[in-house]
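As structure tokens, the structure follows; a few thoughts come after it.
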Amino acid sequence: MCPRCRARAPAASGLQAAGRCPKDGAFFVSERALARSDGDPLLGCTLGGRFAVLALRARGARASVYDSRVVPAAPEGAGRPTTAPIASAVLKVVRCDGPRSEAALALAWEGEVQRLASAAVAPGWLGQGCSEVGDEPRFAAFVASERAPGASLAEPSEQSFLERATRAARALAALHAAGIVHGDLTPEHVFVDAQRSAATFVDFGSAALDAGGGGERARLSGATPAYAAPELWETGPTRAADVYALGCVLVRMVTGRPPFSAASLEGLRAAHRSAAPPPLPDAVGAALGSTIAAALSKSAGHRPPDGAALVRALEA
Ligand SMILES: Nc1ncnc2c1ncn2[C@@H]1O[C@H](COP(=O)(O)OP(=O)(O)O)[C@@H](O)[C@H]1O
Ligand SMILES: [Mg+2]
Numbered sequence: 002m003c004p005r006c007r008a009r010a011p012a013a014s015g016l017q018a019a020g021r022c023p024k025d026g027a028f029f030v031s032e033r034a035l036a037r038s039d040g041d042p043l044l045g046c047t048l049g050g051r052f053a054v055l056a057l058r059a060r061g062a063r064a065s066v067y068d069s070r071v072v073p074a075a076p077e078g079a080g081r082p083t084t085a086p087i088a089s090a091v092l093k094v095v096r097c098d099g100p101r102s103e104a105a106l107a108l109a110w111e112g113e114v115q116r117l118a119s120a121a122v123a124p125g126w127l128g129q130g131c132s133e134v135g136d137e138p139r140f141a142a143f144v145a146s147e148r149a150p151g152a153s154l155a156e157p158s159e160q161s162f163l164e165r166a167t168r169a170a171r172a173l174a175a176l177h178a179a180g181i182v183h184g185d186l187t188p189e190h191v192f193v194d195a196q197r198s199a200a201t202f203v204d205f206g207s208a209a210l211d212a213g214g215g216g217e218r219a220r221l222s223g224a225t226p227a228y229a230a231p232e233l234w235e236t237g238p239t240r241a242a243d244v245y246a247l248g249c250v251l252v253r254m255v256t257g258r259p260p261f262s263a264a265s266l267e268g269l270r271a272a273h274r275s276a277a278p279p280p281l282p283d284a285v286g287a288a289l290g291s292t293i294a295a296a297l298s299k300s301a302g303h304r305p306p307d308g309a310a311l312v313r314a315l316e317a
């Protein structure tokens, strides 16, 4: 169905072919996608000349995330059937006033960090840019990626807790080895797939390049408060704060909630600074329990210092 004029897609042009509405050029989307996307004006648009926006996938803290299809770059109207394989992509989009706006530059930075992080621990990077989309705000800055494999740590899984925790820690070790701190680890930002030995991270919007301890940080952050280490409320992201956040994620996985909650942001900050984390279920076991407790140390110096140290503690 056309998201603009609501014309039905001719059966043959189907979604597989990523067909366009002959009246207004919008890409056809499924009725389900249209219902789920709540009138989103980007549906049916093409970003960067080759990413067709087909469905809203999630709304994050800063951006909207869409399922899209990569449109073959064959010249339009050339009369050639498009036989190139049509791949899917995930688009992270912020609407903004122009390619040099703060939001567009922040997303561009995020795409660059994701690219540096490599396909080992981040979804494959497919492109980025800023396209004019014709309604207000007039621009859409985007980063196009492969879909993160598996399921996020916010979703239930058949895999054991220790396996998922170890995969997440291995990915953190690889990320830190690449000189990147994530800065906003939450259950929604870590994807684990049974076929891969390390997890994949999404949302590099708070990430920073880490000069190796105490060096210049490329950018300061906005972490998710429920997972933010005590010192992160005053300083930029660090490896030890990533370890703390992953500790909070592990608590959430075994107890169903992050270790601390409060009615106000100030209350949450105070809890991160001085409240004792909740007891863990007996099934977690003493060794794993003490690794999680160490990751949640109030003082950064008492935590495993980085992802590699966390892996060693989990595998001990
Ligand atoms: N490449 C991806 N593959 C699968 N899901 C993704 C991908 N990128 C983002 N998501 C989903 O979309 C949500 C929002 O994206 P995110 O990058 O966190 O945006 P924000 O910066 O607005 O928080 C994520 O929590 C995740 O569930
Ligand atoms: Mg996010």
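For this note's numbering, add 1 to where a residue sits in the sequence shown, where the first one is 1.
C-beta atoms are modelled at their ideal positions from N, C-alpha and C, and glycine is treated no differently.
Given the structure is predicted, the values throughout are model-derived calculations rather than measurements.
Taking the alpha carbon of residue i as the point to measure from, which residue in the options has its own alpha carbon closest?
i: F261; options: P238, G237, S291, T225; result: T225
i: V255; options: V244, P279, D185; result: P279
i: A53; options: V94, R258, R165; result: V94
i: A325; options: L48, R171, W234; result: No answer is possible for residue 325: the residues shown for the chain start at 2 and end at 317.
i: A152; options: D136, Q196, E133; result: Q196
i: A314; options: A166, A301, G268; result: A166
i: E137; options: L43, A301, A241, S291; result: L43
i: A174; options: A34, R116, G308; result: G308
i: E133; options: G268, F143, A169; result: F143
i: W110; options: A120, W126, V122; result: W126
i: C97; options: S65, H190, S158; result: S65
i: A149; options: A118, V252, D194, A246; result: D194
Bridge partners for residue i per DSSP, in chain order?
i: E133; result: F140
i: L48; result: F52
i: D204; result: DSSP output for D204 lists no bridge partner at all.
i: G128; result: A145
i: I181; result: L210
i: V193; result: A152
i: A90; result: S69
i: V95; result: A142
CA-CA distance, residue i and residue j?
i: A276; j: A229; result: 14 Å
i: A200; j: S31; result: 31 Å
i: R5; j: A141; result: 18 Å
i: K299; j: A271; result: 11 Å
i: V71; j: P282; result: 46 Å
i: R9; j: L289; result: 55 Å
i: G206; j: P188; result: 15 Å
i: G45; j: A155; result: 29 Å
i: E217; j: D211; result: Caution applies to E217, whose pLDDT of 40 falls short of 50 and renders its modelled position unreliable; the value that the coordinates give is listed next. Approximately 7 Å between the Cα atoms of the pair.
i: W234; j: A296; result: 17 Å
i: V250; j: D68; result: 26 Å
i: R274; j: D243; result: 16 Å
i: V114; j: I181; result: 8 Å
i: A12; j: G26; result: 17 Å
i: L266; j: A227; result: 9 Å
i: A104; j: A317; result: 43 Å
i: L221; j: P23; result: Note that L221 has pLDDT 36, beneath the 50 cutoff, so the model's placement of it is unreliable and no number is given.
i: R240; j: L176; result: 10 Å
i: R168; j: P100; result: 37 Å
i: P231; j: P73; result: 48 Å
i: L269; j: G20; result: 49 Å
i: R7; j: S146; result: 29 Å
i: V285; j: T292; result: 11 Å
i: A170; j: S198; result: 10 Å
i: D204; j: L117; result: 13 Å
i: V252; j: A121; result: 25 Å
I'd like to confirm something about residue i: is its beta-carbon nearer than 8 Å to some heavy atom of ligand 2, or not?
i: V252; result: no
i: R270; result: no
i: V203; result: yes
i: E103; result: no
i: G185; result: Note on residue identity: the sequence assigns Asp, not Gly, to residue 185. It does: the Cβ of D185 is within 8 Å (strictly closer) of some heavy atom of ligand 2.
i: G206; result: yes
Return yes when the C-beta of residue i is under 8 Å from any heavy atom of ligand 1, and no when it is not.
i: V193; result: no
i: G61; result: yes
i: A64; result: yes
i: E189; result: yes
i: P124; result: yes
i: A175; result: no
Please tell me whether residue i has its Cβ less than 9 Å away from any Cβ of chain D.
i: P278; result: Absent from the structure is chain D; it holds one protein chain and no more.
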